[in-house]
Structure formats: structure tokens, C-alpha cells
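S.K.: One structure follows; several queries about it will come next.
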Amino acid sequence: PVLSTIRHFREEYEQHIKYKKCPASVCQALFRSPCQNACPAEVDVPGYIYLISQKKYDKAVALIRERNPFVAVSGRVCNHPCETKCRRQDTDESLAIRDLKRFAADYLLINNGGYPLPTIKPKNGKKVAVVGSGPAGLTCAYHLARMGYEVTVFEALPVAGGMLAVGIPSYRLPKDILKKEIAEIEKIGVKIKTGIKVGQDVTFDTLFKEGYKAIFVATGAHKDLELGIEGEDMENVMGAVNFLRQANLGKINKVKGRVAVVGGGNAAIDAARTALRLGADEVSIVYRRRREDMPAHPEEIIQAGKEGIRIHFLTNPVRLIGENSKVKKMICVRMELGEFDSSGRRRPLPVEGSEFEMRVDYVIRAIGQNPDLSFITDNLNLQVGRNGTLSVNRDNLFTGINGIFAGGDLVSGPSTVIEAIRDGIKAAISIDRYLGGKGIIEEKIREEEGIDKVKPPQENIEVQPRVKKLNRRSAIDIRTFCEVETGYTEEEARKEACRCLRCDLQLE
Ligand SMILES: Cc1cc2nc3c(=O)[nH]c(=O)nc-3n(C[C@H](O)[C@H](O)[C@H](O)COP(=O)(O)OP(=O)(O)OC[C@H]3O[C@@H](n4cnc5c(N)ncnc54)[C@H](O)[C@@H]3O)c2cc1C
Ligand code: SF4
Ligand code: SF4
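With the UniProt record's numbering as the guide, the letters of the sequence shown map in order to residues 1 to 508.
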């Protein structure tokens, strides 16, 4: 039994022994609070919630930015693993940790004209290059700039932000909010050069010759997977990431007729809702498993349904038929679930004789992405792992080639914004150590604000469900890209903040 627990829970054991971390938030001696422990960026959740309850919104944002520079972004699109571990669930409902973050960020960006500057060490004269301006790259650049490095980010596209700018649609993450948050990163000296594809416009060799002492590569996973069926090379058949990129860059601004999206993740829902907003008459999603198996966020699936998008569950395309090289029909089969596969889910199998056709004008494939490794030139001996991801030492993100580190989706495969931010922090620490520093990210607001010294009043602990947002939009216009989800008002946010049990104090 001992050997089999080691085999099955190897990662858990490693986390405890190597990193003194308890991912399940059970070993209380190993963490300050379960929410902070569950946040990949280790944001001081009870600390910023306390500061919001005290109306100290600037300090709350400054505390979050000691770890995570994307406060307004995370406040909107983070998959919030912290909330699933919130101890308040034992009494009523978890804290609205993500919404509180959004409130504080928006309050400063909209009412105060920006964030307070973080602590920045004097310049140390060393240059670092970052390849890719997604959340991993920009987080690494932000922390290195705070440590005194001169950082330049090279971005292939004409805009900065990675999937935040060209993947996630603006009805979920408004472009002006993203731009403001990126401007806050530039404010501390990070230079972003767009329209430069590393490997093509400039090589790694040239970057080292230009004096960059280390390079962090965070180029994401932008290559859409193919369905592998007949007719896929026809016009109007495209990958979801490609479709969303073109829509976000304004290169596709009209979609006519019937759209079928194949897949069940967030990219599928985003592509479907974007097609609707670009004028499609009818949008359907085709997914080979059941609703409960869909990897997309449940709230997004509900929103898609409300907007009139129909989801065909247990359905899979087998062939595309066109006229004049344009797709016109998608032949599908019904599926049934068989034995469990290696992912722990039941394998979908085609039902014999169940073929039927759907009339379509566009087919969007949203069945996953791989990294594009075309940046690997200069005879770089980088190691490629599973699904075309880059292999690194997971402890320090070192690629094995002197001075080159890598992280984010490029290394993990398609993941989440907050996991990319975690890699950005890890890379900054490793690069600083590699260049002779101590690899320390300065955090002092908790102490300065005396957060440890204040216990929550008894009434905060009484049963009180999560504060609902009352300023909901009365109607959502599915023909515009206006933000769908609203934020807390100041009064609601402060009331919600007062529900926090301050688990950080009980555990210390
Ligand atoms: C449609 C969609 C919706 C999503 N929604 C969510 C969500 O709601 N919540 C969530 O947590 N996650 C979501 N994700 C996942 C999340 O966006 C990614 O996990 C995250 O952005 C990865 O960050 P990254 O920095 O590793 O890479 P990216 O954000 O992909 O950024 C990589 C950047 O590198 C650039 N680049 C590539 N090659 C080069 C080169 N050779 N030279 C220079 N630059 C280069 C790219 O142009 C890009 O800008 C979504 C993903 C998609 C596709
Ligand atoms: S960044 Fe995400 S995981 Fe971390 S505390 Fe905020 S909502 Fe939770
Ligand atoms: S009650 Fe507060 S401190 Fe405790 S887990 Fe929830 S958010 Fe974190």
C-alpha cells in the first residue's frame, strides 16, 4: 500500500517534500490561508480583502501587484481556484474573491487614473529579453523591472497581451481595461516592441550579441488542431484561435449565415459567441461528449445558451461537403459513451447508422491548440516534449541552454491565465538568480499595513450569503462587444469583503 500511494500521489508527495506546499490545503502548517494557497500566483487574498473592507483600495491593488500585475484581468477571467478552497463554504458560500479583485482594480483605473507604483530597485545595468507579451511574458518582465533589470518584450503581433488581446473576446475582457493594465506595466520601464517575430526578424544569437544576458520565452500555444476529416481544407473552415485572432484584430468583422463550432472548451464558446456578435444568423456548437463533460466554464455555457447558441451534445463531425470550394454541409454522427479512457472520462464512440447532415456556411474547429515552435532557429538545441510543448526544468523553467528560460502555455500546453502568471513570477526569480541576484520578490505591504494585527468582528462570522451584484445589465445586446458581466458597486464590495473569516490569522 505504501508503494501504491507513492505511485498515485507522487506529485502531492513531491509538492510537500520539495516545495513545502500542500496543494489540497490540508496541512495547515504549510500555508497562511487556503485561498492564498490555492492561487497559483500566491496572491495574499485575506490581506487585500481586509484592505478593501477598510476602503484602502490603492493598498489592496498594491498588495495584489506585489505578486500579480494583472489585477483587472484576473478580476474578470481568472478561473479562481482560490474560491473552491475558501473556508467560508463550510458556513454558507465562498467569498467572491475574483469579483473583489475586479472592483478594486476598476475603482483605481476608472476613478483614480491608475495604480500606485510598486517598489522598484535601482537599475542594475543588466538587460533581459522576453519573447511573447502574454500574461507569462509580461509578468516576468514586470518583476524583473522591479528588480532593477532593463527589460524588452518582443511581440510578433501588432498588439501586446497575447491571448488576453487576441483570444479572449472583449465582451469578457474589454480592450481598454487590458490596455490600461499593460500601460501600468510599461510605466515601470518595461519596453514592448510589437511586430517583431523572434526567430524570423531577430535571432536568439543576435539578442545575446546585443547584450541581453538572459531570455524568457513565452510564446504560448496558438496552433489550432485539425479535425482530420475530409473537406477540412475548404474555404470558411478555420481554427478557433485563428478566427478569434482575426476578429480581435478587426480583420474579420462580418460573419453571414450558419456557423458550426466543433469543441467543448472556452475557445469553442468564445468563438461561437463572437460569431453571433459578428452577425451570424445561427450558431451551433457540436460536442462529442455530454454537457457535464464540457471543459468550458459553466457560467459561459449558460451565457451561450441564453444568447441563443444551440449545443448538440454527443455529436461528432465526420465529413465536410462544399460547393465551389466553400463549405456547405457538415455530416455528423451521434455518439454514445463507452469505457473510461486515460483522462478518467468515458470514451465517446460513434453510433452506427446515426449519420445526419447540418447546413453550414462556416465551420470553426475548437478542439485544442499546440505551440508554434517555428521560433527555434540558430540550431538551438531546445528539447521538445509532449504535444509539441517545450521541455524545461519545472522547478526553475531553465531550458538547459545557457541563459534561456521558458514558461506559460508554450511549456504546459493550453492552460490558464493565472498559471501563466505563476510561470512569469517563477521565471523572474530564476533569471535573477542566474544573473547573480537572490531571486527575491519584494513584499512588504502586509507588514506596513499591520494586516496581521486586526481580527474580524464577531458579526462578520455569522451566516451571510455572498453579496449579489444588483447592477446587472437588464438586457445583453448580442450584436455588440459590450462587456456582459458587471462588477460590484463600492457598497456591495465592502459588504462582501466583511464576510472574510481571516483564516490567515487563525492559522499563524
Ligand atoms: C479563446 C480563449 C479563451 C480563453 N479564456 C480564458 C479564461 O477565461 N481564463 C483563463 O484563465 N484562461 C483562458 N484562456 C487561456 C489563456 O489565455 C492562456 O492560458 C494564457 O494566455 C497563456 O499565456 P502565455 O503568456 O503563456 O501565452 P499567450 O497569452 O498565448 O501569449 C504568447 C504571445 O507570444 C507571441 N509570440 C508567439 N511567437 C512569437 C515569436 N516567435 N516572437 C515574438 N512573439 C511571439 C504571441 O503572438 C502571443 O502574443 C483562454 C484561451 C483561449 C484561446
Ligand atoms: S488571481 Fe485568481 S486564483 Fe489568485 S486570488 Fe485572484 S481570483 Fe483567486
Ligand atoms: S474566508 Fe477569507 S481567508 Fe478564509 S479562505 Fe475564504 S477568502 Fe480566504
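Here a beta-carbon is modelled for each residue, glycine too, at the ideal position from N, C-alpha and C.
Using only the heavy atoms of ligand 1, determine whether one of them is closer than 7 angstroms to the beta carbon of G132.
M.R.: Walking along the sequence shown from the start, residue 132 turns up at place 132. The answer is yes for G132.
S.K.: If I measure Cβ to Cβ from A493 and keep anything under 7 angstroms in the same chain, skipping five residues before and after, which residues do I get?
M.R.: In the sequence shown, the residue the question calls residue 493 occupies position 493. Excluding sequence neighbours, A493 sits near I52, L100 and F103.
S.K.: For G239, which of helix, strand or coil comes out of DSSP?
M.R.: Taking the first residue of the sequence shown as position 1, residue 239 is located at position 239. Here G239 sits in strand by DSSP.
S.K.: Note down the Cα distance separating D423 from C39, rounded to an integer number of angstroms.
M.R.: Against the sequence shown, residue 423 aligns to sequence position 423. Against the sequence shown, residue 39 aligns to sequence position 39. Cα-Cα distance, rounded: 13 angstroms.
S.K.: How is H143 classed by DSSP in three states: helix, strand or coil?
M.R.: On the sequence shown, residue 143 is found 143 positions in, with the first residue counted as 1. Helix.
S.K.: Output the boundary residues of the beta strand (DSSP E) element that contains F154.
M.R.: Position 154 of the sequence shown, counted from the start, is the residue given in the question as residue 154. That run of the beta strand (DSSP E) goes E150 to E155.
S.K.: Which residues neighbour ligand 2 when neighbourhood means a C-beta less than 6 angstroms away from any of its non-hydrogen atoms? List them by chain order.
M.R.: That gives C39, A41, V43, V45, N68, S74, C78, H80, P81, C82, I97, R98, K101 and I418.
S.K.: Would you give the residue range spanned by the beta strand (DSSP E) that I192 belongs to?
M.R.: Along the sequence shown, one-based indexing puts residue 192 at 192. From DSSP, the beta strand (DSSP E) with I192 extends over K191 to T194.
S.K.: With a threshold of 8 angstroms, are at least 3 pairs of Cβ atoms found where one atom belongs to the stretch 143-155 and the other to the stretch 455-466?
M.R.: Taking 8 angstroms as the limit for Cβ pairs, the verdict is that the stretch 455-466 does not touch the stretch 143-155.
S.K.: Can you name the residues that DSSP bridges to C78?
M.R.: In the sequence shown, the residue the question calls residue 78 occupies position 78. Note: C78 sits in no beta bridge, so no partner.
S.K.: Which residues in the same chain as M294 place their Cβ atom closer than 7 angstroms to its Cβ, once the five residues preceding and following it in sequence are excluded?
M.R.: Within the sequence shown, residue 294 is the residue found at index 294, counting from 1. Hits under 7 angstroms: G264, Y287 and I301.
S.K.: Considering only C-alpha positions, which residue in the set D270, F216, V261 and C482 is nearest to R245?
M.R.: For the purposes of this step, residue 245 is identified with residue 245 of the sequence shown, where counting begins at 1. The shortest C-alpha separation from R245 is found at D270.
S.K.: CB C35 to CB I97, shorter than 8 angstroms?
M.R.: For the purposes of this step, residue 35 is identified with residue 35 of the sequence shown, where counting begins at 1. For the purposes of this step, residue 97 is identified with residue 97 of the sequence shown, where counting begins at 1. Yes. Within cutoff.
S.K.: Assign K123 to one of three DSSP states: helix, strand, or coil.
M.R.: Stepping through the sequence shown from its first residue, residue 123 is reached at position 123. Looking at K123 - three-state DSSP - the assignment turns out to be coil, as it is neither helix nor strand.
S.K.: Would you call the stretch 445-460 in contact with the stretch 413-429, where contact means no fewer than 3 C-beta pairs closer than 8 angstroms?
M.R.: Touching, no, given that fewer than three Cβ pairs across the two stretches are closer than 8 angstroms.
S.K.: If you count every other CB in all the chains shown that lies within 10 Å of the CB of L390, and 16 or more means buried, which is it?
M.R.: Taking the first residue of the sequence shown as position 1, residue 390 is located at position 390. When all chains shown are included, L390 counts as buried.
S.K.: At a cut-off of 7 angstroms, is C500 close to ligand 3 when judged by its beta-carbon and the heavy atoms of the ligand?
M.R.: Position 500 of the sequence shown holds residue 500. Yes; taking the cut-off as 7 angstroms, the Cβ of C500 has a heavy atom of ligand 3 nearer than that.
S.K.: Tell me the start and end of each unbroken alpha helix (DSSP H) in the UniProt domain "Dihydroprymidine dehydrogenase" (21-108) that is at least 4 residues and wholly inside, in chain order.
M.R.: Listed in chain order, the complete alpha helix (DSSP H) runs (minimum 4 residues) inside the UniProt domain "Dihydroprymidine dehydrogenase" (21-108) are 34-38, 45-53, 57-65, 71-77, 81-84 and 97-106.
S.K.: Kindly identify the DSSP beta-bridge partner or partners of M358.
M.R.: If you number the sequence shown from 1, residue 358 lands on position 358. M358 is bridged to M330.
S.K.: Have a look at K476 and E307 and give me their C-alpha separation to the nearest angstrom.
M.R.: The residue you call residue 476 lines up with position 476 of the sequence shown. The residue you call residue 307 lines up with position 307 of the sequence shown. It should be noted that the sequence gives Ile, not Lys, for residue 476. Near 8 angstroms, if we compare the C-alpha coordinates of E307 and I476.
S.K.: Taking only the alpha-carbon atoms, compute the straight-line gap between I110 and E292 and give it to the nearest angstrom.
M.R.: The count along the sequence shown starts at 1 and reaches residue 110 at position 110. The count along the sequence shown starts at 1 and reaches residue 292 at position 292. Their backbone Cα atoms lie some 38 angstroms apart in a straight line.
S.K.: Could you name the residues that DSSP lists as bridge partners for H312?
M.R.: Position 312 of the sequence shown holds residue 312. H312 pairs with V286.
S.K.: What does DSSP give as the partner residue(s) for M294 in the beta ladder?
M.R.: Your numbering for residue 294 matches position 294 in the sequence shown. The partner list for M294 (beta bridge, DSSP) is empty, contrary to what the question assumes.
S.K.: In the DSSP assignment, the beta strand (DSSP E) including I404 goes from what residue to what residue?
M.R.: By 1-based counting over the sequence shown, the position of residue 404 is 404. Run containing I404: I404 to A406, per the beta strand (DSSP E) assignment.
S.K.: I'd like to know if P116 contacts chain B, where contact means its C-beta is closer than 8 angstroms to some C-beta of that chain.
M.R.: The structure shown has no chain B; it contains just one protein chain.
S.K.: Among E352, C140 and D341, which residue has its Cα nearest to the Cα of D432?
M.R.: By one-based count along the sequence shown, residue 432 stands at place 432. Out of E352, C140 and D341, C140 has the C-alpha closest to the C-alpha of D432.
S.K.: In terms of residues, what are the limits of the beta strand (DSSP E) holding Y212?
M.R.: Taking the sequence shown and counting its residues from 1, one reaches residue 212 at position 212. Y212 to V217 is the span of the beta strand (DSSP E), which, as asked, contains Y212.
S.K.: Shortest alpha-carbon distance to G338 belongs to which of Q369, K326 and V351?
M.R.: Translated into positions along the sequence shown, residue 338 becomes position 338. Of the candidates Q369, K326 and V351, the one whose C-alpha sits nearest the C-alpha of G338 is V351.
S.K.: Between which two residues does the alpha helix (DSSP H) harbouring L349 extend?
M.R.: Taking the first residue of the sequence shown as position 1, residue 349 is located at position 349. From DSSP, L349 is part of no alpha helix (DSSP H) but of the beta strand (DSSP E) over R346 to P350.
S.K.: Counting beta carbon pairs with one atom in the stretch 111-130 and one in the stretch 360-375, are three or more of them shorter than 8 angstroms?
M.R.: Result no; under three Cβ-Cβ pairs closer than 8 angstroms.
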